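Residue numbering for the sequence shown follows this note's numbering, starting at 57 and increasing by one per position.
So the structure is just underneath, and the comments pick up after that.
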Amino acid sequence: MTVLVIAEHDNATIKGATLNTVTAAAALGAGDVHVLVAGHNAGGAATAAASIAGVAKVIHADSDAHAHALAENLAAQVLAVAGSYSHILFAATAAGKNASPRVAAKLDVAQISEISKVVSADTFERPIYAGNAIATVQSSDATKVITVRATGFDAAAATGGSAAVETVAAVADSGKTAYKGSEIAKNDRPELTAAKIIVSGGRALGSADKFNEVITPLADKLGAAIGASRAAVDAGYAANDLQVGQTGKIVAPQLYIAAGISGAIQHLAGMKDSKVIVAINKDPEAPIFSVADYGLEADLFAAVPDLVKAL
Numbered sequence: 057m058t059v060l061v062i063a064e065h066d067n068a069t070i071k072g073a074t075l076n077t078v079t080a081a082a083a084l085g086a087g088d089v090h091v092l093v094a095g096h097n098a099g100g101a102a103t104a105a106a107s108i109a110g111v112a113k114v115i116h117a118d119s120d121a122h123a124h125a126l127a128e129n130l131a132a133q134v135l136a137v138a139g140s141y142s143h144i145l146f147a148a149t150a151a152g153k154n155a156s157p158r159v160a161a162k163l164d165v166a167q168i169s170e171i172s173k174v175v176s177a178d179t180f181e182r183p184i185y186a187g188n189a190i191a192t193v194q195s196s197d198a199t200k201v202i203t204v205r206a207t208g209f210d211a212a213a214a215t216g217g218s219a220a221v222e223t224v225a226a227v228a229d230s231g232k233t234a235y236k237g238s239e240i241a242k243n244d245r246p247e248l249t250a251a252k253i254i255v256s257g258g259r260a261l262g263s264a265d266k267f268n269e270v271i272t273p274l275a276d277k278l279g280a281a282i283g284a285s286r287a288a289v290d291a292g293y294a295a296n297d298l299q300v301g302q303t304g305k306i307v308a309p310q311l312y313i314a315a316g317i318s319g320a321i322q323h324l325a326g327m328k329d330s331k332v333i334v335a336i337n338k339d340p341e342a343p344i345f346s347v348a349d350y351g352l353e354a355d356l357f358a359a360v361p362d363l364v365k366a367l
């Protein structure tokens, strides 16, 4: 049997989480890896998918019904080609989590959510209890519908592949939902889940003005994305889309700097897979120090500006 990865894309390029999902698919050892690109005028995305190392075939379904990746239409497209696949993999992103349960329900199988490791073709590891425990899950379903936590797998090489692109008929618009519009936040910084360096601030910063005054210069120096703890977001210091944690975004950058973040369980669940973690906190008992590679017990209002000057 073969494995099907559902690509996330903008109709021109493939999004990073898809590359991690391809790596997870290859680890299954279940045969060839195919990628479904469902979009509108998405030839560029299909070509990009064909270049991913390890991909044997790209299935391209093009229709205005897929222009905005509506979950109902995407799920129907997946189901139209699902019969020949033993595993169907989605990235565990907002879009993936929206479409994957629909596919699993229609196939009458249990979804296996947010796997972080492939043990074998039918056995997987996934975090539970905010990452404080790892469950090993085995499935006997004929078709396994899986979402993949990108931070658990390295990204496949975006180039080096030479897969064939097969065009298939697109499903009709379900008519159940319609795209009305979107407001896209524009930001010169790297996207949070794809950033190699993240500087995050917590409640200890005290206000939105102080958050910007302290965190922004350091992020500027490092070319980093800006993140925030849930406490900082709830207090209005930072925007919702900057929240890192179990109820925010799951990140695993090369460098994660946590300034004034105590390290609540739900925050650690979102960033503890970072390659290097630096914590700055004046509380020596702060839980963030338990996962930090480097800890600085200091007043962040002095330490962070000093770090900026040193850089």
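Cβ coordinates follow ideal geometry from the N, Cα and C atoms, glycine included.
As the structure is a prediction and not an experimental result, all values here were calculated from the model.
In the structure shown, residue 245 adopts coil according to DSSP, grouped into three states. Contact check for residue 102 against residue 114 passes: the beta carbons are separated by less than 7 Å. Between the beta-carbon of residue 203 and that of residue 308 there is about 16 Å, and that puts the pair past the 8 Å contact cut. Remark: fewer than three beta-carbon pairs, one from each stretch, lie closer than 8 Å, so the region 220 to 233 and the region 249 to 264 are not flagged as touching.
Residue 249 sits buried, since 16 or more C-beta atoms from the chains shown fall within 10 Å of its C-beta. Counting along the chain, no alpha helix (DSSP H) covers residue 149, and no H or E run does either.
Just so you know, the alpha carbons of residue 343 and residue 316 end up roughly 12 Å apart. Just so you know, the alpha carbons of residue 188 and residue 325 end up roughly 8 Å apart.
In this structure, residue 60 keeps its C-beta atom at 7 Å or more from the C-beta atom of residue 185.
Residue 117 is positioned such that its CB atom lies closer than 7 Å to that of residue 133. The beta carbon of residue 272 sits closer than 8 Å to the beta carbons of 282 from its chain, once the five residues preceding and following it are set aside; these are given in chain order. Counting along the chain, residue 266 sits inside the alpha helix (DSSP H) bounded by residues 264 to 278. Here the alpha carbons of residue 86 and residue 288 stand approximately 44 Å from one another.
Annotation: the region 207 to 232 contains the following complete segments of the beta strand (DSSP E) (minimum length 3 residues), in chain order: 220 to 224. Sequence-distant Cβ neighbours of residue 226 in its own chain, meaning closer than 8 Å and more than five residues away, are 94, 117, 118, 119, 121, 122, 133.
Residue 335 is positioned such that its CB atom lies no closer than 7 Å to that of residue 320.
Distance from the CA atom of residue 297 to the CA atom of residue 264, rounded to whole angstroms, is 15 Å.
Between the alpha carbons of residue 191 and residue 177 lies a distance of about 16 Å. Within the same chain, Cβ atoms closer than 6 Å to the Cβ of residue 274 are found at 255, 360, 364, the five residues on either side in sequence being excluded.
About 18 Å separates the CB atoms of residue 81 and residue 130; that is not less than 8 Å, and the two are not in contact. Judged by beta-carbon spacing, residue 127 lies beyond the 7 Å limit of residue 104, meaning their Cβ atoms are not closer than that value. The three-state reading of DSSP puts residue 126 in coil, since its state is none of H, G, I, E or B. Note that the C-beta distance between residue 293 and residue 124 is not below 7 Å. Rounded to the nearest whole angstrom, the CA to CA distance from residue 217 to residue 106 is 6 Å.
Straight-line spacing of the CA atoms in residue 300 and residue 138 works out to 34 Å.
Looking only at 240, 266, 167, the smallest Cα-Cα distance to residue 358 is reached by 266. Sequence-distant Cβ neighbours of residue 351 in its own chain, meaning closer than 6 Å and more than five residues away, are 335, 345. Inter-residue distance for residue 210 and residue 79 is about 7 Å (C-alpha atoms, whole angstroms). Around the beta carbon of residue 303, fewer than 16 other beta carbons lie within 10 angstroms, which makes this residue exposed.
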